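Oh and the sequence shown: position 18 is 531 in our numbering, straight run, nothing missing. For glycine and all other residues, C-beta sits at the position ideal for the given N, C-alpha and C. Please read all numbers here as calculations on a predicted model, not as lab measurements. Scroll down for the structure; my scribbles are underneath it.
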Amino acid sequence: MSPATPSDPLFVLPNGLSIHQVSAQETAFLYKEIFVERAYFKHGITLEGSPCVIDIGANIGMFSLCVKHTCPDARVLALEPSPRLHGLLTRNLLPFGDSARALACGVAERDGEAVFTYYPDYSIMSGFHADAARDAGVLAAGIRQELHSRAGTGRQVPESLIESLARQRLGGKQELLCPLRSLSSLIREWDLACVDLLKVDAERSELAVLRGIEPQDWPKIRQIVIEVHDAATLHAVEELLREKGFRFVAEQEQALAQSGVFNGFATR
514 MSPATPSDPL FVLPNGLSIH QVSAQETAFL YKEIFVERAY FKHGITLEGS
564 PCVIDIGANI GMFSLCVKHT CPDARVLALE PSPRLHGLLT RNLLPFGDSA
614 RALACGVAER DGEAVFTYYP DYSIMSGFHA DAARDAGVLA AGIRQELHSR
664 AGTGRQVPES LIESLARQRL GGKQELLCPL RSLSSLIREW DLACVDLLKV
714 DAERSELAVL RGIEPQDWPK IRQIVIEVHD AATLHAVEEL LREKGFRFVA
764 EQEQALAQSG VFNGFATR
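In structure tokens, the structure reads:
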């Protein structure tokens, strides 16, 4: 898996921003989700002034770009363990100088290292807890919803086509050893007095991310947006965040109705 190179395609977003990307399809999906639908700014999640934002699972940096677009004076720490994606992330944040830093690591309960699975043709499902069969099922649920909505209620999309598309997008996976950091170790290293928004999109590592926050650091965190991958984990995340003094709301996007994936929004 090679880092970004000067030949990587540059995509001009509908709002005029330019971004180095893995694929136009993923970029279009991320742009719609983050900039158009404002998926991370719901249920009381807001940013203003010069906030501090931690972007865990940054991928190519679409959410970090949205933060800087919304609040030009924001300080952003964007974390991405995949060398390929981290290279693109670094280039996309380069115009912002020291106010937006790209860190090459994952986040877990404690510092260390673990095997990271990278899906070259569907990078947004890459993670430390990848399982090809399970991931294909989640992806198939999204494809099924998309194809049925396009075909209309009067046409049936063959399951064989859906399963084939899911397998194709997850083909050619690559595995590599990547560094892990706990959130509290990062807060100490970067001397963060406040985290105005913690965004977690860590593909089944969400509980480990939260468990890496030491007691003295919880009061520093004002808001959290977190993707959760099954109902049991959602219950555990909600219980933990309410215990730490947050209000919590969960929702499931229509496109992910059959996937078990939820978005959680936590505010003080």
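Going along the chain, which unbroken runs of the alpha helix (DSSP H) with 4 or more residues stay wholly within the region 718-767?
-> 719-724 and 744-756
Measuring CB to CB, does L699 end up less than 8 angstroms from I734?
-> Start at 1 with the first residue of the sequence shown, and residue 699 comes out as number 186. Start at 1 with the first residue of the sequence shown, and residue 734 comes out as number 221. For the 8 angstroms CB-CB criterion, L699 and I734 do not form a contact.
Beta strand (DSSP E) runs contained entirely in the region 554-638, provided each spans 3 or more residues = Here the runs fully enclosed are 565-569, 588-592, 613-616, 619-621 and 625-631.
For S697, I'd like the list of residues in its chain whose CB is within less than 7 angstroms of its CB, leaving aside the five on either flank, ordered along the chain.
-> Here residue 697 is taken as the residue at index 184 of the sequence shown, counted from 1. Same-chain partners within the cutoff: G725, I726, E727 and D730.
Provide the residue span of the beta strand (DSSP E) that contains Q687, from first to last.
-> The residue given as residue 687 occupies position 174 in the sequence shown. Here the beta strand (DSSP E) through Q687 covers Q687 to S695.
With DSSP as the reference, label V708 as helix, strand or coil.
-> Numbered from 1 along the sequence shown, position 195 holds the residue referred to as residue 708. Looking at V708 - three-state DSSP - the assignment turns out to be strand.
How about P564 and Y544: do their beta carbons lie closer than 8 angstroms?
-> Looking up residue 564 in the sequence shown gives position 51. Looking up residue 544 in the sequence shown gives position 31. No, the pair does not count as a contact, with Cβ atoms beyond the cut-off.
Would you tell me roughly how many angstroms separate the C-alpha atoms of F778 and R604, rounded to the nearest one?
-> Looking up residue 778 in the sequence shown gives position 265. Looking up residue 604 in the sequence shown gives position 91. The straight-line gap from Cα to Cα measures roughly 29 angstroms.
Candidates E740, D624, L754 and R755: closest to D568 by CA position | If you number the sequence shown from 1, residue 568 lands on position 55. Nearest of E740, D624, L754 and R755 to D568, Cα basis: E740.
Does DSSP put A649 in a helix, in a strand, or in coil?
-> For the purposes of this step, residue 649 is identified with residue 136 of the sequence shown, where counting begins at 1. Correct three-state label for A649: helix.
Check A654 in the structure and name its three-state DSSP category.
-> Within the sequence shown, the letter at position 141 stands for residue 654. Helix.
On the three-state DSSP scale, how would you describe V535?
-> Residue numbering aside, residue 535 sits at position 22 when the sequence shown is read from its first letter. Note: V535 maps to coil in three-state DSSP.
Over what stretch of residues does the beta strand (DSSP E) that includes A779 continue unbroken?
-> Indexing the sequence shown from 1 puts residue 779 at position 266. Taken as a continuous stretch (DSSP letters only), the beta strand (DSSP E) holding A779 covers F775 to T780.
Status (buried if at least 16 other CB within 10 Å, exposed otherwise) for T540 | Counting from 1 along the sequence shown, the entry for residue 540 is found at position 27. It is buried - the Cβ of T540 has at least 16 other Cβ atoms within 10 Å.
Close-in-space but distant-in-sequence residues of the same chain around A749 (CB under 7 angstroms, 5 per side omitted) = For the purposes of this step, residue 749 is taken as the residue at position 236 of the sequence shown. These residues qualify, in order along the chain: L720.
Using CA coordinates, which residue listed in V549, Q669, A649 and G684 is at the minimum distance from E782?
-> Limits of the chain in this structure are 514 at one end and 781 at the other, which puts residue 782 out of reach.
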